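Undergrad: My structure is below; once you've seen it, I'll send some questions.
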């Protein structure tokens, strides 16, 4: 069995080829297909990650266990002819977060089951995140307790990994604000201090050693830090390399490691390129992918109403609104303002909490009906210009068929190419 392709990622910048890798954090089949199409002609493997809330032993919000998610991704790859050996599966924020309302012992016991399932299913990049407090604990734990719990989960993963399989690599640390974007408009961010990053690294090394997991720590390849990028419901904080300069310099004191940057969604291609240059070699993107997918689907929704007014019982947007209002738990406490402002955020927030509703049967059916209505016909260029401006130039130049499914895939693929280009610059 060959080694883990990410084991030596810290050395990539010293050799010809890519210097970093995008981390595709989505469970939507269209977004995953687009990522495969974008990655296929590149020299990169494709890293696809599932989060603890999205995929776990209880199904998460997708209804998938780690093994089911593995098979789901493998099925898309088989259909497209994407080589299985170029796929890397990762688990993100693996820890007690889904059960943090429970006492710590119970939450950690469930987290151990979860990471065992991830490891047993062949996920070979595991982000250990035990920074959050459980019932009766502070909201955020100190480095020592966080590291001890992370070492405990690494032990569980090492015990569960398949015999003869690829040894997993680990990522430690977490970022502020919470995964998936801030809950409010943001004006600025505190970049992780160099000393704080070095302390996190040192304390985790000591905790792994105390747990007898020195070999596992040798496979820690990344540290999650806050480089000063984030998005809220309404705005995006762009990367400022000057503010992260000291943090970048500190990376030299952590041999074999790169930084992992979360919430890089909505950064420009130029900013992503500089992030990789500065040592943030793993670029996470999730909501940004489904945001542009939703843009494209809503564009098709409008085109369908222009071409076939009143044919459908309700539009895709109306179906999504109904799904979100029927089950508000995934957006209600995250959006504020007047009723009209909250309605706008449900559909158009950068946080993209509408992504939780695409697997809902009524939403899935509405998308299927939209694709069935538009079928394989060539859509008018003028309507594509009006409602799908991001991909119109490709259609106008004859590089993209003006058909519904192709247009959606192209919109997501265009964003994925920004990440691939930044990592291969």
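In the working numbering, the protein residues as written are 68 to 492. A virtual CB, placed ideally from N, CA and C, is assigned to each residue, including glycine. Every value quoted in this text rests on a predicted model; they were computed, and no experiment measured them.
Please state the DSSP three-state secondary structure of residue 92.
TA: Strand, per DSSP.
Undergrad: For residue 329, which residues in the same chain have their Cβ closer than 7 Å to its Cβ, ignoring the five residues on either side in sequence?
TA: These residues qualify, in order along the chain: 242, 246, 291, 351.
Undergrad: Between the C-alpha atoms of residue 150 and residue 93, what's the straight-line distance to the nearest angstrom?
TA: Their Cα atoms are separated by approximately 19 Å.
Undergrad: Going by the beta-carbon positions, is the gap between residue 186 and residue 224 smaller than 7 Å?
TA: Yes, the Cβ-Cβ distance between residue 186 and residue 224 is below 7 Å.
Undergrad: Compare the beta carbon distance of residue 30 and residue 119 with 7 Å and say whether it is the shorter of the two.
TA: In this structure the chain extends from 68 to 492, so residue 30 is not present and cannot be described.
Undergrad: Can the beta-carbon of residue 298 be found less than 7 Å from the beta-carbon of residue 417?
TA: In this structure, residue 417 lies closer than 7 Å to residue 298 by Cβ.
Undergrad: DSSP three-state call for residue 394: helix, strand or coil?
TA: Three-state result, residue 394: coil.
Undergrad: Does DSSP classify residue 225 as helix, strand or coil?
TA: Helix, per DSSP.
Undergrad: Using only alpha-carbon positions, find the residue among 128, 101, 71, 408 that is nearest to residue 143.
TA: Considering only alpha carbons, the answer is 101.
Undergrad: Going along the chain, which residues of its own chain have a beta-carbon closer than 7 Å to the beta-carbon of residue 283, five neighbours each way excluded?
TA: These residues qualify, in order along the chain: 221, 225, 237, 275.
Undergrad: Buried or exposed: where does residue 363 fall if 16 or more other Cβ atoms within 10 Å of its Cβ makes it buried?
TA: It is buried - the Cβ of residue 363 has at least 16 other Cβ atoms within 10 Å.
Undergrad: Can you list, in chain order, the residues of its chain whose CB lies under 7 Å from that of residue 346, leaving out five sequence neighbours each side?
TA: Contacts found: 315, 318, 325, 326.
Undergrad: For the alpha helix (DSSP H) that contains residue 159, what are its first and last residues?
TA: It is not in any alpha helix (DSSP H) - residue 159 instead sits in the beta strand (DSSP E) that spans 154-161.
Undergrad: Leaving aside the five residues before and after residue 244 along the sequence, list all residues of the same chain whose C-beta is less than 7 Å from its C-beta, in chain order.
TA: Confidence in residue 244 is poor, its pLDDT being 43 and thus under 50, which makes the residue's placement unreliable; the coordinate value appears in the next sentence. Here the set comprises 297.
Undergrad: Within 8 Å, do at least three Cβ pairs link the region 361-376 to the region 435-442?
TA: Short answer: they touch.
Undergrad: Can you check which of these residues, 323, 367, 400, is closest to residue 456 by C-alpha distance?
TA: Of 323, 367, 400, the residue nearest in Cα terms is 367.
Undergrad: Distance check for residue 272 and residue 214, CA to CA, integer angstroms please.
TA: Going from the Cα of residue 214 to the Cα of residue 272 covers about 8 Å.
Undergrad: Compare the beta carbon distance of residue 155 and residue 112 with 7 Å and say whether it is the shorter of the two.
TA: The answer is yes: Cβ separation under 7 Å.
Undergrad: Okay, do the region 329-344 and the region 450-465 touch, 3+ Cβ pairs below 8 Å being the bar?
TA: With a cut-off of 8 Å, the region 450-465 and the region 329-344 do not count as touching, because too few Cβ pairs lie within range.
Undergrad: Alpha carbon to alpha carbon, how far is residue 126 from residue 239?
TA: So the alpha carbons of these two residues sit roughly 24 Å apart.
Undergrad: Excluding the 5 residues flanking residue 323 on each side, which residues of the same chain have their C-beta closer than 6 Å to its C-beta?
TA: Cβ neighbours of residue 323 beyond the five flanking positions: 77.
Undergrad: Tell me which residue opens and which closes the beta strand (DSSP E) that residue 84 is part of.
TA: First-last for residue 84: undefined, no H or E at that position.
Undergrad: Tell me the residue span of the beta strand (DSSP E) that contains residue 340.
TA: Looking at the DSSP string, residue 340 is not in any beta strand (DSSP E); the run it does join, the alpha helix (DSSP H), is 336-344.
Undergrad: Which one of 147, 359, 117 has the shortest CA to CA distance from residue 104?
TA: Nearest option by C-alpha distance: 147.
Undergrad: Report the option in 210, 478, 343, 159 whose CA atom is closest to the CA atom of residue 263.
TA: It is 210 whose Cα lies nearest to the Cα of residue 263.
Undergrad: Among all the DSSP beta bridges, which residues are the ones paired with residue 230?
TA: DSSP, once it has assigned bridges, lists no residue as partnering residue 230.
Undergrad: Within the region 275-313, note down every full beta strand (DSSP E) run reaching 3 residues or more, in order along the chain.
TA: You should have 287-292.
Undergrad: For the alpha helix (DSSP H) containing residue 487, list its first residue and its last residue.
TA: That run of the alpha helix (DSSP H) goes 471-490.
Undergrad: By Cβ distance, which residues of its chain are closer than 7 Å to residue 477, with the 5 residues on each side in sequence left out?
TA: Around residue 477: 458, 461, 467.
Undergrad: Please go through the same chain and pick out, in chain order, the residues whose beta-carbon is closer than 6 Å to the beta-carbon of residue 227, but skip the five residues on each side of it.
TA: Contacts found: 183, 186, 187.
Undergrad: Would you please state the rounded distance, in angstroms, between the beta carbons of residue 117 and residue 158? I believe it to be under 8 Å.
TA: 6 Å between Cβ atoms; contact.
Undergrad: Report buried or exposed for residue 486, applying the criterion of at least 16 other Cβ atoms within 10 angstroms of its Cβ.
TA: Result: buried.
Undergrad: Identify the residues that DSSP records as bridge partners of residue 326: which are they?
TA: DSSP, once it has assigned bridges, lists 290 as partnering residue 326.
Undergrad: Assuming residue 195 and residue 232 form a contact by the criterion Cβ under 8 Å, report the distance between their Cβ atoms to the nearest whole angstrom.
TA: That pair is no contact at about 19 Å.
Undergrad: Just tell me which of 420, 123, 268 has its CA closest to the CA of residue 396.
TA: The shortest Cα separation from residue 396 among 420, 123, 268 belongs to 420.
Undergrad: I need the straight-line Cα distance from residue 353 to residue 375, nearest angstrom please.
TA: Distance between the alpha carbons of residue 353 and residue 375: 33 Å.
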